[in-house]
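A.B. asks:
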Amino acid sequence: MQAVKPNKRGLYFEEFEVGTKVITAGRTVTESDIVTFAGLSGDYNQIHIDAEFSKTNGFGARVAHGLLVLSIASGLVVQTGVMEGTIIAFREVNNWKFSKPVFIGDTVHVELETTEAKALPRLGGGAIVIELNVKNQDAETVMKGTWTALITSKPEN
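According to the numbering used here, the stretch in the sequence shown is residues 5 to 161, in order.
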């Protein structure tokens, strides 16, 4: 029996153009997401898991962990397919800012734009910098910053 190799969906380094924009699908943050993330990370801060305590803090309700929302943003970007099968490594999170809280029931999506591309022939590809803007259902920015990813070059056939 012959093995089947999945098709590449992602863009090769040479196909990333500065100025290219992508908007992801949305995803609603659930109570289960927050509880699961608390268990995985060990971050049981009361602002995330204690509804009564959270009523008295500055936000008035439980909020999602910032790193949970960052992880959700990463998943949404991956789901676009732009790096599927072509990413070498996720290298950096740069200048990240958490601007607004994300509550249970909020729906977030990511707007991303390629802002830099630098060939790195010794790695067989290059580095891209993408600017990300994570927005909620009201089009408010909840977090933003840039990521650097290493992407493989198009094979020579």
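Beta carbons are placed, not taken as given, at the ideal position from N, Cα and C, and that holds for glycine.
Given the structure is predicted, the values throughout are model-derived calculations rather than measurements.
#1: Give the DSSP-derived three-state secondary structure of residue 28 in the structure shown.
#2: Kindly list the residues whose CB is nearer than 8 Å to the CB of residue 99, restricted to its own chain and excluding five residues on each side of it in sequence; keep chain order.
#3: Could you name each continuous alpha helix (DSSP H) segment of 4 residues or more that falls completely within the segment 68 to 151, going from the start of the chain to the end?
#4: Go ahead and pull the three-state DSSP assignment for residue 60.
#5: Between residue 85 and residue 30, is the Cβ-Cβ spacing less than 8 Å?
#6: DSSP three-state label for residue 44, please.
#7: For residue 34, which residues does DSSP report across the bridge?
#8: By Cβ distance, which residues of its chain are closer than 8 Å to residue 38, with the 5 residues on each side in sequence left out?
#9: State the Cα-Cα distance for the pair residue 157 and residue 144, rounded to the nearest angstrom.
#10: Using a Cβ distance threshold of 8 Å, determine whether the segment 87 to 102 contacts the segment 112 to 119, with at least three qualifying pairs required.
#11: Tell me whether residue 65 sits in a helix, a strand or coil according to DSSP, three-state version.
#12: Rounded to a whole number of angstroms, what is the C-alpha to C-alpha distance between residue 48 and residue 80?
#13: Measuring only the C-alpha atoms, how far is residue 146 from residue 27?
#14: Cα-Cα, which of 89, 138 and 119 is closest to residue 101?
#15: Within the same chain, show all residues whose beta-carbon is closer than 7 Å to that of residue 42, passing over the 5 residues directly before and after it, in chain order.
C.D. replies: If we stick to the structure as given:
#1: coil
#2: 149 and 150
#3: With a minimum length of 4 residues, the continuous alpha helix (DSSP H) runs that stay inside the segment 68 to 151 are 70 to 83.
#4: coil
#5: Their beta carbons are not under 8 Å apart, which means residue 85 does not touch residue 30 by this criterion.
#6: helix
#7: For residue 34, which the question treats as bridged, DSSP gives no partner whatsoever.
#8: Once the five neighbours on either side are set aside, the close Cβ partners of residue 38 are 52, 53, 66, 68, 69, 72 and 108.
#9: A direct Cα-to-Cα measurement between residue 157 and residue 144 gives close to 36 Å.
#10: no
#11: Coil.
#12: 25 Å
#13: 15 Å
#14: 138
#15: 48, 52 and 53
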